[in-house]
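In the working numbering, the protein residues as written are 6 to 318.
Backbone N, C-alpha and C fix where the C-beta goes; we use that ideal spot for every residue, glycine too.
Since the model is a prediction, treat every value here as computed from it, not as a measurement.
Here is the structure:
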């Protein structure tokens, strides 16, 4: 990428919702139920900045990585202050395409006291993401690209641009939501990061025997997040498990997966071995869950390393 702006370490790609409404409820409702929201009257009207790719970008930037964001947003991205927030965080947003006459999406997340949750989303302009093309100069500029929701033609093109530019590509999320493109995504990526449930869905949708079969299609590693149990990893020649990094408290798990992906990406971009990069991802996730909001309590690299050193000790 030419110009005075240095090439990013991490490029986060994808459009989903950008604004989160987060509520704690007495219980998750069954059909026909009425349940009480426990969130305070003051906080119930609060709107948090979110979205998978922006969450990854902001978390990576907080760790000190040069970070860029690729996707589409609505006109309210500026009017509601998100653009200014990204500037404050040091995220390069030149590859965010603002679509005239459209608005960003909103996610409404409800969680109970046990941490179980339901998310209902109105995705706004993200429904039109595939009509656009990612900026090739920025999509191909990073050391590492993290591809998130939505998995469609836009994000697939970005993955291919990144791969052609020499970047390592991480797929983060439920790839089985795009079964017709899943094989193409895997063939354009190096690392798959997903939950145990998401991995099982993907293996089923591709009619594979097991996760090992995915490593024969182009992936070099699969990282499976296990919540409080940590994460496991698999390559063609080895496998292992990394324990979770204990948080000081658990307030809200929303965004922990994006924080994990960001830490993993930064670690790999810095040349860390896969298990060490996973530990950094787990550490970032441990900070995220300590506050409400995906971007509320993100660590600096110094804070993350301090927590990691205490955990090792």
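Query	Result
Residue 25 beta carbon near the ligand COA (any heavy atom closer than 6 Å)	The model depicted lacks the ligand COA and carries no ligand whatsoever.
Three-pair Cβ contact test at 8 Å for the segment 38-45 versus the segment 64-83	no
Residues near residue 223 by beta carbon distance below 6 Å, same chain, minus five either side	191 and 192
Rounded Cβ spacing between residue 289 and residue 257 (contact assumed at less than 8 Å)	About 15 Å separates the two Cβ atoms, so there is no contact after all.
Exposure label - residue 259; buried when at least 16 CB within 10 Å	buried
Own chain, CB closer than 8 Å to residue 108, minus 5 neighbours either side, in chain order	79, 80, 81, 129 and 130
Supposed contact pair residue 76 and residue 319 - C-beta distance, whole angstroms, cut 8 Å	The requested residue 319 is not part of the displayed model; the chain covers only 6 to 318.
Contiguous beta strand (DSSP E) assignments of at least 3 residues, all confined to the segment 52-83	72-79
Bridge partners - residue 97, DSSP secondary structure assignment	73
Residues bridged to residue 245 (per DSSP)	238
Residue closest to residue 247, alpha-carbon to alpha-carbon, out of 235, 240 and 305	235
Rounded C-alpha distance that separates residue 199 from residue 230	6 Å
Endpoints, the beta strand (DSSP E) within which residue 171 is located	Residue 171 -> no beta strand (DSSP E), and no H or E assigned at all.
Contacts around residue 213, its chain only, beta-carbon distance under 7 Å, and the 5 residues preceding and following it disregarded	219
Bounding residues of the beta strand (DSSP E) (the contiguous stretch that carries residue 196)	196-200
Three or more C-beta pairs below 8 Å linking the segment 296-313 and the segment 21-37	yes
Residue 113 beta carbon less than 7 Å from that of residue 135	no
Contact check, residue 173 vs residue 149, beta carbons under 7 Å	yes
From 232, 137, 49 and 227, residue whose alpha carbon lies closest to that of residue 264	232
Assigned exposure category for residue 2 - 16 Cβ within 10 Å defines buried	The chain is shown only over 6 to 318; residue 2 falls outside these bounds and no answer can be derived.
Integer Cβ distance of residue 283 from residue 269, believed to fall under 8 Å	6 Å
Buried versus exposed, by CB contacts within 10 Å (16 or more), residue 203	buried
Bridge partner(s) assigned by DSSP for residue 143	According to DSSP, residue 143 bridges with nothing at all.
Integer Cβ distance of residue 188 from residue 207, believed to fall under 8 Å	Actually they do not touch by this definition, with Cβ atoms about 10 Å apart.
Beta-carbon proximity of residue 183 to residue 166, cut-off 7 Å	no
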